[in-house]
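Visitor: Protein sequence lines correspond, in order, to chains A and B.
So the first sequence is residues 1 to 263, counted in the numbering used here.
So the second sequence is residues 1001 to 1281, counted in the numbering used here.
Yeah, the Cβ is synthetic: ideal placement off N, Cα and C, and Gly gets one too.
I have a structure here, written as structure tokens, and I will follow up with some questions on it.
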Amino acid sequence: MSAVTVLGTPAQTQTNSTAEVLLDVRAISKSFGDRVVLRDMSMRVHAGEVVAFLGANGSGKSTTLRAVNGLIEADSGDITIAGVRLTEASAQRRAEARRTAATVFQKIHLVQRRTVLQNVCAGGFSRLSAWRSLPPLFPRALKEEAMACLDRVGLADRAHDRAGSLSGGQQQRVAIARALCQRPRMILADEPVSALDPKAADDVMSLLHELAVEENLGVAAVLHQPHLARSYAHRVIGLRDGGLVFDAPTADIDDIELASLYL
Amino acid sequence: MTDTLTPAALREPRSDDHIPVPRDPKAPYRAGTWTAIIVVLVVLHLLAFSATDFHPAKLLTGAQGMVNFLAEAIPPDLSPEVLQKGLEGALTTLWIGLLGTTISVPFALLLAVLGARTTAPNTFVYQVARGILSFFRAVPDIVFALIFVTAVGLGPFAGVLALICHNTGVMGKLWSEAMEDIDPGPEQALRTAGASRWQVVANATIPTVLPQLTGLLLYRFDVNVRSSLVLGLVGAGGIGLLINKAIKTFQFDEMLTYLIIILVVIVAVDLASGWIRKRLQ
């Protein structure tokens, strides 16, 4: 999981343009009162690629992700997740489609007093009947699947520790394991490393990169550090004032374009 | 050379070290607000003094009555029969408080979940749950006790039922507020992962808020033991009933024994629940 293996080499793992489109956002807009936070935002996420969202605070990066995972609804425009066009789908189909995209949060949002394994199991709740949804009643199959997800993020040995006893970087990896237990096609990461120290941030980003490349997941990550986007993203989407500024392979973006986002 | 700085070591003030403080435009407004608050409080207290016949002088002139009363109470009657009756009564009081607290847990929990803004399924259910909690909270436990005495007769059972009702209202309200106050992040994370409302409550809300719920439960146990004492006075059994009987038969020395026993029990409960609550933090 060393950062060195991917540093400066995103071009080598560049996705081909024929990869499956997992997320297709078309011209979505969103306002809160008079304040326009997104205008005609369009973007795509393919299987097997890491897409980084860059932009100043309030540029609409997180809002785009939240419109995808359903924490907010866009005022206009179209979102297609895993082939399901949300505006045309029934409420149930819409919820199912959104479940194929698992969200990882800046503040991690694990249940601190539950064990790591119990937290990861929560990713599978949508497949679980109501009466088995308490830790002593979790089915063995779910717990074993959760163990495999934990193993994937390198924390299988911490399964029975309380989530709150882990470091920030470890907790974020547990949150990624919880996301994996959701059996997603895509991971939406809203500033996943903003609360972490540089080493932990590298660990988490290289894990997300690995998951994209090795497991063919689509990863959309809001980042605040352009150098992390350079190291780990295949493609960078730049936003300013709620609108798209550029959308290009990481290798094609220069520092001037990046700096222009924060003017 | 000393390690500490003496005033002499500080630099001399320069002439430009002082800047006049600008006039605070809100100062008269603040002074006016404070004056108004004080005037209102004084007026309210004057009204309250006259409405409650608050005359401290009366207390002095009537002091003889209290002295006589105490003279009869001291020394307390420490005979084995009285002590045994008192301890048995105190134990009953403790059991009433315990059952009144624990049996209300499922009701309080259900109403708290339905009556917390963050976990209620919709505003209608939320309002209904709040309404039920308000009702149980507004009716004093002593009124519930009088009602239940007419159904199940005098005795501890009526006291337990009364405490269950009142405590459901108070503890449900306290618990729902604790649930509203926690960080909504883990709940949000589970919801976006596709968890149902019940799954979110059982696996994010309750585990997160459990220490607060337990602390409030112990606090309510503490209060309920003291309430069950008062309920005893109206016939719900326990040591309160013994005190009532002792007063009615002018056995003031016996009454004092019971009061001392109560004091010990209440201090013990208070210390125990305080100790456990501290452990929870």
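When the Cα atoms are used, what is the spatial distance from Val1039(B) to His1045(B)?
Guide: 10 Å
Visitor: Does any CB atom of chain B fall closer than 7 Å to the CB of Arg114(A)?
Guide: yes
Visitor: May I ask you to list, following chain order, the residues of the stretch 1178 to 1201 of chain B that have a beta carbon less than 7 Å from some beta carbon of chain A?
Guide: Gly1185, Pro1186, Gln1188, Ala1189, Leu1190, Thr1192, Ala1193, Gly1194, Ala1195, Ser1196, Trp1198 and Gln1199
Visitor: Given a cut-off of 7 Å on the beta-carbon distance, is the pair Ala201(A) and Val193(A) in contact?
Guide: yes
Visitor: Run the proximity test for Gly1232(B): is its beta-carbon closer than 6 Å to any non-hydrogen atom belonging to the ligand SAM?
Guide: The ligand content of the structure shown is nil, which means the ligand SAM is not present either.
Visitor: Would a C-beta distance cut-off of 7 Å place Ile1142(B) and Val1234(B) closer than the cut-off?
Guide: For Ile1142(B) and Val1234(B), yes; Cβs fall inside 7 Å.
Visitor: Please confirm whether Val104(A) and Ile176(A) have their CB atoms less than 7 Å apart.
Guide: For Val104(A) and Ile176(A), yes; Cβs fall inside 7 Å.
Visitor: May I ask you to list the residues that DSSP assigns as paired with Ile81(A)?
Guide: According to DSSP, which records beta bridges pairwise, Ile81(A) is partnered with Leu23(A) and Val84(A).
Visitor: If you compare alpha carbons, which of Gly1097(B), His1018(B) and Ile1019(B) is closest to Asn1224(B)?
Guide: Gly1097(B)
Visitor: For the putative contact between Leu290(A) and His46(A), defined by C-beta atoms under 8 Å, what is the C-beta separation to the nearest angstrom?
Guide: The question about residue 290(A) has no answer, for chain A in this structure spans 1 to 263.
Visitor: Which whole-angstrom value is the C-beta distance of Leu1242(B) and Lys1085(B), which I expect to be below 8 Å?
Guide: Taking C-beta atoms under 8 Å as the contact rule, Leu1242(B) and Lys1085(B) qualify, at a distance of about 6 Å.
Visitor: From Gly218(A) to Asp151(A), what does the alpha carbon distance come to, in whole angstroms?
Guide: Answer to the nearest angstrom: the Cα atoms are 20 Å apart.
Visitor: For a cutoff of 7 Å on Cβ pairs, would you count Arg1279(B) as touching chain A?
Guide: no
Visitor: With a threshold of 7 Å on Cβ separation, who are the neighbours of Leu263(A) within its own chain once the five nearest residues in sequence on each side are excluded?
Guide: none
Visitor: Which chain A residues sit within Cβ distance under 7 Å of Ala1204(B)?
Guide: Val111
Visitor: Using a C-beta cutoff of 7 Å, does Thr1119(B) count as contacting chain A?
Guide: no
Visitor: Applying the 10 Å Cβ sphere with the 16-neighbour rule, what's the burial state of Ser272(A)?
Guide: In the structure as shown, chain A begins at 1 and stops at 263. Residue 272(A) is therefore absent and cannot be evaluated.
Visitor: By the 10 Å Cβ neighbour count, where 16 or more other Cβ atoms means buried, how is Ala11(A) classified, buried or exposed?
Guide: Any reading at Ala11(A) must be qualified, since the residue scores a pLDDT of 42, below 50, and its modelled position is unreliable; no value is offered.
Visitor: Determine which residues of the stretch 70 to 86 of chain A have a Cβ less than 8 Å from any Cβ of chain B, and write them out in chain order.
Guide: Under the 8 Å Cβ criterion, the stretch 70 to 86 of chain A contributes Gly70 and Leu71.
Visitor: Taking Cβ-Cβ distances below 8 Å as the criterion, which residues of the stretch 189 to 222 of chain A are in contact with chain B?
Guide: none
Visitor: Round the Cβ separation of Pro1215(B) and Leu1280(B) to the nearest angstrom and send it over; I've been treating them as touching at under 8 Å.
Guide: Residue identity check: residue 1215(B) is Gly in the sequence provided, not Pro. Right, their Cβ atoms sit about 6 Å apart.
Visitor: Can you tell me whether Val1067(B) is buried or exposed, with buried defined as 16 or more other CB within 10 angstroms of its CB?
Guide: exposed
Visitor: Taking Phe1252(B) and Glu1072(B) to be in contact with their CB atoms under 8 Å, please state how far apart those CB atoms are, rounded to whole angstroms.
Guide: Yes, Phe1252(B) and Glu1072(B) are in contact; Cβ-Cβ is about 4 Å, under 8 Å.
Visitor: Whose C-beta lies closer than 7 Å to the C-beta of Val6(A) among residues of the same chain, with five residues either side of it excluded?
Guide: Below a pLDDT of 50, predicted positions are generally treated as unreliable, and Val6(A), at 44, falls in that range; no measurement from the model is reported.
Visitor: Does the beta carbon of Gln182(A) sit closer than 7 Å to a beta carbon anywhere in chain B?
Guide: yes
Visitor: For Gly8(A), count neighbouring Cβ atoms within 10 angstroms of its own Cβ and tell me buried if that reaches 16, exposed if not.
Guide: Because the pLDDT of Gly8(A) is 43, which lies under 50, any placement of that residue in the model is unreliable, and the question is left without a value.
Visitor: Could you compute how far the alpha carbon of Ser2(A) sits from the alpha carbon of Asp157(A)?
Guide: For Ser2(A), the predicted model reports a pLDDT of 39, less than 50, meaning its position is unreliable; a value from the coordinates is still stated below. So the alpha carbons of these two residues sit roughly 20 Å apart.
Visitor: Using CA coordinates, which residue listed in Lys1278(B), Asp1024(B) and Val1160(B) is at the minimum distance from Thr1102(B)?
Guide: Answer by Cα proximity: Val1160(B).
Visitor: My output table needs one value for Lys1278(B): the three-state DSSP class, helix, strand or coil.
Guide: helix
Visitor: Just to confirm the assignment: which complete alpha helix (DSSP H) runs, minimum length 4, are found wholly within the stretch 209 to 239 of chain A?
Guide: 226 to 232
Visitor: Would you grab the beta carbon distance between Lys107(A) and Ala67(A) for me? Rounded to a whole angstrom, and I think it's under 8 Å.
Guide: Between Ala67(A) and Lys107(A) the Cβ distance is about 19 Å, and since that is not below 8 Å, they are no contact.
Visitor: Excluding the 5 residues preceding and the 5 following Val1128(B) in the sequence, name in chain order all residues of the same chain whose CB lies nearer than 7 Å to its CB.
Guide: none
Visitor: Once the 5 residues before and after Ala1048(B) are set aside, which same chain residues still bring their CB inside 6 Å of it?
Guide: Answer for Ala1048(B): no residue qualifies.
Visitor: Name the two residues that bound the continuous alpha helix (DSSP H) containing Thr1052(B).
Guide: Looking at the DSSP string, Thr1052(B) is not in any alpha helix (DSSP H), and its letter there is neither H nor E.
Visitor: On the premise that Glu1187(B) lies in contact with Val1200(B), defined as a C-beta separation below 8 Å, what is that separation, rounded to the nearest angstrom?
Guide: That belief holds up - the Cβ atoms of Val1200(B) and Glu1187(B) are roughly 5 Å apart, short of 8 Å.
Visitor: For a cutoff of 7 Å on Cβ pairs, would you count Ala264(A) as touching chain B?
Guide: Residue 264(A) falls outside the range modelled here, since chain A spans only 1 to 263, and no answer is possible.
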